[in-house]
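In our numbering, the protein residues as written are 38 to 487.
Backbone N, C-alpha and C define an ideal beta-carbon position, used for all residues, glycine too.
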Amino acid sequence: MGWINIYAAVFNEEHPGLLDFSQRYGKQFLWIAASLILAIFIVIIDNRFYFFFSWFIYGTCMLLLILVVIFGKEINGAKSWFEFGSISLQPSELAKFGTSLALAAYLNTRRQDLTKMSVMVPAASIILFPAMLTMLQPDMGSAIVFFSLFMVLFREGMSPYIFVSGLLMVALFFLTLLTNILYLTFVLIIIAVILVWFATRKWKLVLFGSGIFLFIAVIVYLLDHYFIKSFGNELVVFISLIFSGAAYAFYIYTKRAASVLIIYIFLIGSILFVNSFDYAFNNMLPKHQKDRVNILLGFKTDLHGTGYNVNQSIISIGSGGFTGKGFLQGTQTKFKFVPKQSSDFIFCTVGEEWGFLGSGLVIGIYLFLLLRLIFLAERQRSDFARIYGYCVVSILFTHIFLNVGMAIGLVPVIGIPLPFLSYGGSSLWGFTILLFIFLRLDASRTEYLI
């Protein structure tokens, strides 16, 4: 399906042959053929190879990620590629299966409780290290894919508090963009006060704590207004919360009120996250990425600039209607209105030429694949194979969700391939290795691994 849609996306009447190697569809055929050979090679290797050499593979992938930042070729503002003549290699695509193997190996050998920080921190570090390296390129799409592996940790017993914290961070991420920081801070404080009441059921304690906060806030505000004159309202509120927490410390210590301490830490952490993200978004994020987010949220309209890709993508998919325009009949595709329509925006070709039915079929096949992988993961006798299987599910799901969401304007444009459909050798090989290693492990699920 990917090969046929790449053929339609970049069809050239002067080169109509499917096997014309001067065109992208001809090159993709070579990548597909090489992937099939690679898949055969993967399934004939002893399944224990992937366990015993998992750390070596991980280390090699991390070395490639470091080297590409230094020696890689810059394409579209990101140093994510090694170039060898006419062939390009993207290490981040290979690092995904390397990270999955290392994470599965670590959790399998330790067999420890992920609610313990001594286990959780190394597991998180295995994920965060490649994520940070890809962010240095910068390749935000691949970084998000690595972060998706935290879903695997949740499946394997990570504390729900950490998972909920991650969901709260996502919510705060959008709220920071949508609302005023000072208003959001006060909302967080009010929520914290309500939670303290639910945890203690003591109105006097809540009123006393609120009174202390207001008293300190007034003093800090007056000092800043008349003498210091450099804090700003957000910093005044934060300093007041810190001093209020110090006043609460005696109660928390004497009453062993762990719930109050947790609420307070969440409040301080949330405010720090909101202000840090606001600063990073406005001062550190590249302008084109910031514009993409603002366009997605409706704060900015730029149909002929940053928002051009998404606008043309939505027009292309919408023009396909229910049944589509037919193979090679897509006008948006044929006249190349959508940039990168054979790679990042390959779903536009599906939507325009095959319509709602074809798009639904593609998404349905992906859904079947993900559900099948979950079923296979759950029937594994080896912890290593099960954990790796869920890594495969998390990575594929994130790619599918982000790519399709990007094409229909639900998520910002971050440049991420659609598994097995988008043009590109690195991504196709990466997904092939990722998937077929798991199929090899599943084929030997009755054998002793470790």
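**Study point:** Exposed unless 16 or more other CB atoms sit within 10 angstroms - verdict on S59
**Key:** Here the question's residue 59 lines up with position 22 in the sequence shown. Under this definition S59 is an exposed residue.
**Study point:** Beta-bridge partners of I112, as assigned by DSSP
**Key:** Position 75 of the sequence shown holds residue 112. Under the DSSP definition of a beta bridge, I112 partners with A115.
**Study point:** the region 126-138 touching the region 469-485, judged by at least three CB pairs closer than 8 Å
**Key:** The region 126-138, when compared against the region 469-485, does touch it at the 8 Å Cβ threshold.
Point to revise | Cβ distance (whole Å) where I354 is taken to contact I445 below 8 Å | key: As a working note, residue 354 is residue 317 in the sequence shown. As a working note, residue 445 is residue 408 in the sequence shown. With a contact defined as Cβ atoms closer than 8 Å, I354 and I445 qualify at about 6 Å.
Exercise for review: Taking only the alpha-carbon atoms, compute the straight-line gap between P449 and K239 and give it to the nearest angstrom.
Suggested key: Residue mapping note: residue 449 aligns to position 412 of the sequence shown, counting from 1. Residue mapping note: residue 239 aligns to position 202 of the sequence shown, counting from 1. Their backbone Cα atoms lie some 45 Å apart in a straight line.
Review point. Quick one: Cα of I437 to Cα of L404, how far?
Key: Your numbering for residue 437 matches position 400 in the sequence shown. Your numbering for residue 404 matches position 367 in the sequence shown. Distance from the CA atom of I437 to the CA atom of L404, rounded to whole angstroms, is 10 Å.
Review point. Which residue from I163, I41 and N312 puts its Cα closest to that of I94?
Key: Translated into positions along the sequence shown, residue 94 becomes position 57. If we check each option's Cα against that of I94, I163 comes out closest.
Review point. DSSP state of E120, grouped into three classes?
Key: Position 83 of the sequence shown, counting from 1, holds the residue named residue 120. In the three-state DSSP reduction, E120 falls in the strand class (E or B).
Check your understanding: Once you ignore the five residues that flank I49 on each side, which residues in its own chain have a CB closer than 7 Å to its CB?
Key -> One-based indexing of the sequence shown puts residue 49 at position 12. Ile is not the amino acid found at residue 49; the sequence shown has Asn there. Cβ within range, chain order: Q60.
Check your understanding: Cα separation between K377 and Y258?
Key -> Here residue 377 is taken as the residue at index 340 of the sequence shown, counted from 1. Here residue 258 is taken as the residue at index 221 of the sequence shown, counted from 1. Computed Cα separation, rounded: 53 Å.
Point to revise | Residue ranges of each alpha helix (DSSP H) within the region 59-118, 4 or longer | key: Runs of the alpha helix (DSSP H) inside the region 59-118: 61-81, 85-89 and 91-108.
Review point. Along the chain, where does the alpha helix (DSSP H) that runs through R192 open and close?
Key: Taking the first residue of the sequence shown as 1, we reach residue 192 at position 155. In the DSSP assignment, R192 falls within the unbroken alpha helix (DSSP H) covering F187 to R192.
Check your understanding: For S380, which beta-bridge partners are listed by DSSP?
Key -> Here the question's residue 380 lines up with position 343 in the sequence shown. Note: S380 sits in no beta bridge, so no partner.
Check your understanding: What's the call for R192, buried or exposed, on a 16-neighbour Cβ count within 10 Å?
Key -> Here residue 192 refers to the residue found at position 155 when the sequence shown is read from its first residue. Buried, because 16 or more other Cβ atoms sit within 10 Å of the Cβ of R192.
Practice item. Would you identify the three-state DSSP class for L126, choosing helix, strand or coil? Key: For the purposes of this step, residue 126 is identified with residue 89 of the sequence shown, where counting begins at 1. Correct three-state label for L126: strand.
Check your understanding: Mind pulling the alpha helix (DSSP H) runs of 4 or more residues that sit fully within the region 382-464?
Key -> Runs found: 383-415 and 420-444.
Check your understanding: To which residues of the same chain is F434 closer than 8 Å at the C-beta, ignoring the five residues directly before and after it?
Key -> The residue you call residue 434 lines up with position 397 of the sequence shown. Around F434: S185 and L407.
Exercise for review: Compute the distance between the beta-carbons of T213 and V274, then report whether it is under 7 Å.
Suggested key: The sequence position of residue 213 within the sequence shown is 176, counting from 1. The sequence position of residue 274 within the sequence shown is 237, counting from 1. No, Cβ-Cβ distance for T213 and V274 is not below 7 Å.
Check your understanding: Taking the alpha-carbon positions, what's the L278 to L298 distance?
Key -> Start at 1 with the first residue of the sequence shown, and residue 278 comes out as number 241. Start at 1 with the first residue of the sequence shown, and residue 298 comes out as number 261. Going by the C-alpha atoms only, they are around 13 Å apart.
**Study point:** Proximity below 7 Å, CB of W391 to CB of G361
**Key:** Residue 391 sits at position 354 when you count from the first residue of the sequence shown. Residue 361 sits at position 324 when you count from the first residue of the sequence shown. Judged by their CB atoms, W391 and G361 are nearer to each other than the 7 Å cut-off.
Exercise for review: Determine the burial state of S313: buried for a count of at least 16 other Cβ atoms within 10 Å of its Cβ, exposed for fewer.
Suggested key: By one-based count along the sequence shown, residue 313 stands at place 276. Classification of S313: exposed, given that the 10 Å Cβ count is below 16.
Practice item. Consult DSSP for P175 and reduce its assignment to one of helix, strand or coil. Key: Taking the sequence shown and counting its residues from 1, one reaches residue 175 at position 138. Coil, per DSSP.
Point to revise | Assumed close pair V158, I218 - CB separation to whole angstroms, cut-off 8 Å | key: The count along the sequence shown starts at 1 and reaches residue 158 at position 121. The count along the sequence shown starts at 1 and reaches residue 218 at position 181. With 8 Å as the limit, V158 and I218 do not qualify as a contact, their Cβ atoms being about 30 Å apart.
Point to revise | Euclidean distance between Cα positions of F66 and L73 | key: On the sequence shown, residue 66 is found 29 positions in, with the first residue counted as 1. On the sequence shown, residue 73 is found 36 positions in, with the first residue counted as 1. Their backbone Cα atoms lie some 11 Å apart in a straight line.
Exercise for review: Taking the CB atoms as reference points, tell me whether N84 and L410 lie closer together than 7 Å.
Suggested key: Here residue 84 refers to the residue found at position 47 of the sequence shown. Here residue 410 refers to the residue found at position 373 of the sequence shown. Taking 7 Å as the cut-off, the beta carbon of N84 is found no closer than this to the beta carbon of L410.
Exercise for review: Counting only the same chain and skipping the five closest in sequence on each side, list residues whose C-beta sits under 7 Å from that of K64.
Suggested key: Counted from its first residue, the sequence shown places residue 64 at position 27. If we look at K64 and ignore the five residues flanking it on each side, its Cβ neighbours are F58.
Practice item. Alpha carbon to alpha carbon, how far is V230 from I302? Give it in angstroms, no decimals. Key: By one-based count along the sequence shown, residue 302 stands at place 265. By one-based count along the sequence shown, residue 230 stands at place 193. The alpha-carbon atoms of I302 and V230 are separated by roughly 13 Å.
**Study point:** Distance, N145 Cα to M177 Cα
**Key:** Mapped onto the sequence shown, residue 177 falls at position 140. Mapped onto the sequence shown, residue 145 falls at position 108. Spanning the two alpha carbons is a distance of roughly 29 Å.
Check your understanding: Going by the beta-carbon positions, is the gap between L126 and S463 smaller than 7 Å?
Key -> Residue mapping note: residue 126 aligns to position 89 of the sequence shown, counting from 1. Residue mapping note: residue 463 aligns to position 426 of the sequence shown, counting from 1. Yes; because the gap between Cβ atoms is below 7 Å, this pair is in contact.
Practice item. Determine the closest residue to M490 out of L398, A414 and N440, with distance taken between C-alpha atoms. Key: For the chain, the structure presents residues 38 to 487; residue 490 sits outside this window and is missing.
Check your understanding: Just how far apart, CA to CA, sit S379 and V47?
Key -> One-based indexing of the sequence shown puts residue 379 at position 342. One-based indexing of the sequence shown puts residue 47 at position 10. Going by the C-alpha atoms only, they are around 7 Å apart.
Point to revise | Neighbourhood of G363 by C-beta, 7 Å cutoff - its chain only, sequence neighbours within 5 removed | key: Along the sequence shown, one-based indexing puts residue 363 at 326. E390.
Check your understanding: Under three-state DSSP, which class holds S356?
Key -> Working through the sequence shown from its first residue, we reach residue 356 at position 319. Helix, per DSSP.
Check your understanding: So with Cβ pairs under 7 Å, would you call I253 a contact of chain D?
Key -> In summary, chain D is missing from the structure at hand, where a single protein chain is found.
**Study point:** Cβ shell of N42 (< 7 Å), same chain only, five flanking positions each side left out
**Key:** Taking the first residue of the sequence shown as 1, we reach residue 42 at position 5. Cβ neighbours of N42 beyond the five flanking positions: I383, T386, V387 and L458.
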